[in-house]
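This is the structure:
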């Protein structure tokens, strides 16, 4: 029984009739562009075939009634005002309704919804953005807000959902997560310019037209350290930007606007830590641009090499890797079908993302598991994924 069938059956049991609409949205992986987003840089990502599904139907009153099948938990609130909440999971759907109302006006009615997903939580695959997009798409499918769907309105919706997470939930995420889950396409990657919002879809296939597997390896190590270290890295990047603003004025907006030659020329005058953080960001932007060119040539070998170079830059210059993440990459390098791999997301814990020849994906996953155990690490969780389409409406079953 797949997610749609399970969510639809639970909706019937919970609300006494079939759902009117079923929406889904994928998780996402960051392929290249680690810690470039808040520096106005470039990022390459892809949707994956792990999803959040929302089965929904309209109500005749102004209440939103939610049932999380994963958590066996319920929530109820008024769509015109969200009172305080207790359970952490309710922040996200409440934030979506709040942000939709703030941006597009009052919802036409309340709604019932069942939420179910298989995006691993805490692995850096953006399960929260997947939930936000699926719920927003369900509201669209029910006609609760009036928004014609095209690429321009998708970007508007992505920024609205980002605001839900930034302001209502209180998580300082960039646009990449919401953008990726809304714009993803099958066998494709996405490139986003975080400074101006320009984007493009790129084929994620080899010269035979075959998409690779994307194997996510979860280190099963705590991500608690990542929050404080993430903020520290932002500050370290800002020290370099402030140095150049003092020289050139405040018109310099992003670290991305500097050139690598600037750093090399002024190396000894720069903060010793900040200059290495900045070097990672600037070389990472170069890797994203080179990665775009490689994908346009269907050159997955070069693209995979760039991913591995990204990990080395993260490990040495940005210092956001860890023993657990490095152990995963070391095991991956020895595994069959490996094209390239890197840490993903904030770093320090969480997961690595690996590009793997599709036919070798199962053998690759088995070899990585054995390699990590042989190195004395905890058994990793492994998810073999494919590049998948973005959020949309499915037919209820």
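In my numbering, the protein residues as written are 1392 to 1788.
Built from N, CA and C at the ideal position, the CB exists for glycine as well.
The structure presented is a predicted model; accordingly, all values stated were derived computationally and were not measured.
Spatial neighbours of residue 1653 in its own chain (CB-CB distance under 8 Å, excluding positions within 5 residues in sequence) are listed in chain order as 1635. When secondary structure is reduced to three states using DSSP, residue 1638 falls in the helix class. If you ignore the 5 residues before and after residue 1711, its C-beta comes within less than 6 Å of the C-beta of 1705, 1738, 1739, all in its own chain and listed in chain order. A distance below 9 Å separates the beta carbons of residue 1438 and residue 1781. Of the other Cβ atoms in all chains shown, fewer than 16 fall within 10 Å of the Cβ of residue 1451; this residue is therefore exposed.
Exclusion of the five residues before and after residue 1467 leaves 1454, 1455, 1456, 1457 as the residues of its chain whose Cβ lies within less than 8 Å of its Cβ. Rounded to the nearest whole angstrom, the CA to CA distance from residue 1674 to residue 1742 is 22 Å.
With a 10 Å radius around the Cβ and a threshold of 16 neighbouring Cβ atoms, residue 1558 comes out exposed.
Taking a C-beta distance under 9 Å as the contact criterion, residue 1425 and residue 1735 qualify as a contact pair. Sorting 1767, 1587, 1501 by C-alpha distance to the C-alpha of residue 1565 places 1587 at the top. In the three-state reduction of the DSSP assignment, residue 1564 falls in the coil class, being assigned neither a helical nor a strand state. Sixteen is the threshold: when 16 or more other Cβ atoms of the shown chains lie within 10 Å of the Cβ of residue 1609, as they do, the residue is buried. Membership of residue 1676 in the alpha helix (DSSP H) is indicated by the continuous run 1663-1687.
Residue 1628 and residue 1702 have their C-alpha atoms roughly 18 Å apart. For residue 1624, the number of other beta carbons within 10 angstroms of its own is at least 16, and it is reported as buried. For residue 1484, the uninterrupted alpha helix (DSSP H) segment begins and ends at 1482-1495. Contact between residue 1595 and residue 1602 holds: their C-beta atoms lie close to 6 Å from each other, under 8 Å. In terms of Cβ geometry, residue 1526 and residue 1487 form a close pair [threshold 9 Å]. If you draw a 10 Å sphere on the C-beta of residue 1692, you find fewer than 16 other C-beta atoms in it, and that means exposed. In the three-state DSSP reduction, residue 1517 falls in the coil class, being neither helix nor strand. With contacts defined by Cβ atoms closer than 9 Å, residue 1417 and residue 1393 do not form a contacting pair. For residue 1518, same chain residues with a beta-carbon under 8 Å away, outside a window of 5 residues either side, are 1418, 1443, 1508, 1510, 1511, 1512 in chain order. Its Cα nearest to that of residue 1638, the residue 1657 stands out among 1657, 1626, 1647. Distance between residue 1750 and residue 1695, taken at the CA atoms: about 16 Å. Distance from the Cα of residue 1685 is smallest, within the candidate group 1422, 1449, 1399, 1785, for 1422. In terms of Cα proximity to residue 1545, the closest of 1570, 1490, 1537 is 1570. DSSP places residue 1512 outside any beta strand (DSSP E), giving it a letter other than H or E. Residue nearest to residue 1720 within the set 1689, 1494, 1758, 1690 is 1758 (criterion: CA-CA distance).
According to the DSSP assignment, residue 1470 belongs to no alpha helix (DSSP H), since it is labelled neither H nor E. Assignment of residue 1731 by DSSP, reduced to helix, strand and coil, places it in the strand class. Closest option to residue 1681, judged by alpha-carbon separation, among 1593, 1446, 1542: 1593. Our two residues, residue 1590 and residue 1435, have alpha carbons roughly 10 Å apart in a direct line. Residues 1423, 1678, 1681, 1682, 1685, 1731 of the same chain have their beta carbon placed closer than 8 Å to that of residue 1697, with the five preceding and five following residues left out of the count. At a Cβ-Cβ threshold of 9 Å, residue 1502 and residue 1470 count as neighbours. Look at residue 1393 here: in three-state DSSP terms it is coil, with no helix or strand label. Assignment of residue 1658 by DSSP, reduced to helix, strand and coil, places it in the helix class.
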